[in-house]
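Novice: I have a structure I would like to understand better, so I am pasting it below and will then ask my questions one at a time.
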Amino acid sequence: MNNRNVYVLAKALIGLIFLVAGIRKIMYFAATAGYFAKLGMPMPEIVLSLTIALEIGGAILLVIGWQTRLVAMVLGVFTLAAAVLGHPFWAADAANYQNQLNHFLKNIAMVGGFLLLAIESGSQSRK
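In the numbering used here, the protein residues as written are -14 to 112.
Pasting the structure below:
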């Protein structure tokens, strides 16, 4: 497999988690809005709608390669914010600590993947 194919596969795999997450948020809109409200987010239904648009739209744009560097940076910032706001393991009770820590670390690892995509997208556009 050449580098170009690996690059396309990486974008598809990273995009997949956002596509699935966005679709699941649509399917469980009320429950997710309730979770957002529990986290203290203002206007949880509006924030949720924007989140869904960003996740699904970002996934599609990432996969098709439209402005990959920009999309990777936006999704990276979003994912970092989601880690901090949505998975505060430091405030979790003992029963939820491990789950929240795992989600937090998954998001941080994904931010690393977005940084790599942002860097690589520049080198891909010069080839």
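Glycine is no exception: its CB is placed at the ideal position from the N, C-alpha and C atoms.
Give me the Cα-Cα distance between R111 and G71, rounded to the nearest whole angstrom.
Specialist: A caution first: R111 carries a pLDDT of 45, below 50, which makes its placement in the model too unreliable to give a value.
Novice: By Cβ distance below 7 Å, which residues in the same chain neighbour L39 in space, the five residues on each side in sequence not counted?
Specialist: Same-chain partners within the cutoff: F63.
Novice: Distance check for L1 and L(-6), CA to CA, integer angstroms please.
Specialist: Roughly 10 Å separates the two Cα atoms.
Novice: Apart from the five residues just before and just after S106, which ones in its own chain have a Cβ nearer than 6 Å to its Cβ?
Specialist: T53 and R54.
Novice: Look at the alpha carbon of Y20 and the alpha carbon of I37, and state the distance between them as a whole number of angstroms.
Specialist: Distance between the alpha carbons of Y20 and I37: 14 Å.
Novice: Ignoring anything shorter than 4 residues, give me the alpha helix (DSSP H) runs that lie fully in the segment 66 to 91, in order along the chain.
Specialist: For the segment 66 to 91, not a single whole alpha helix (DSSP H) run of length 4 or above is found.
Novice: Taking Cβ positions only, does Q52 come closer than 8 Å to chain C?
Specialist: This model lacks chain C altogether, as it is built from one protein chain only.
Novice: Please report the distance separating the alpha-carbon of D78 from that of H88.
Specialist: If you take the alpha carbons of D78 and H88, they lie about 15 Å apart.
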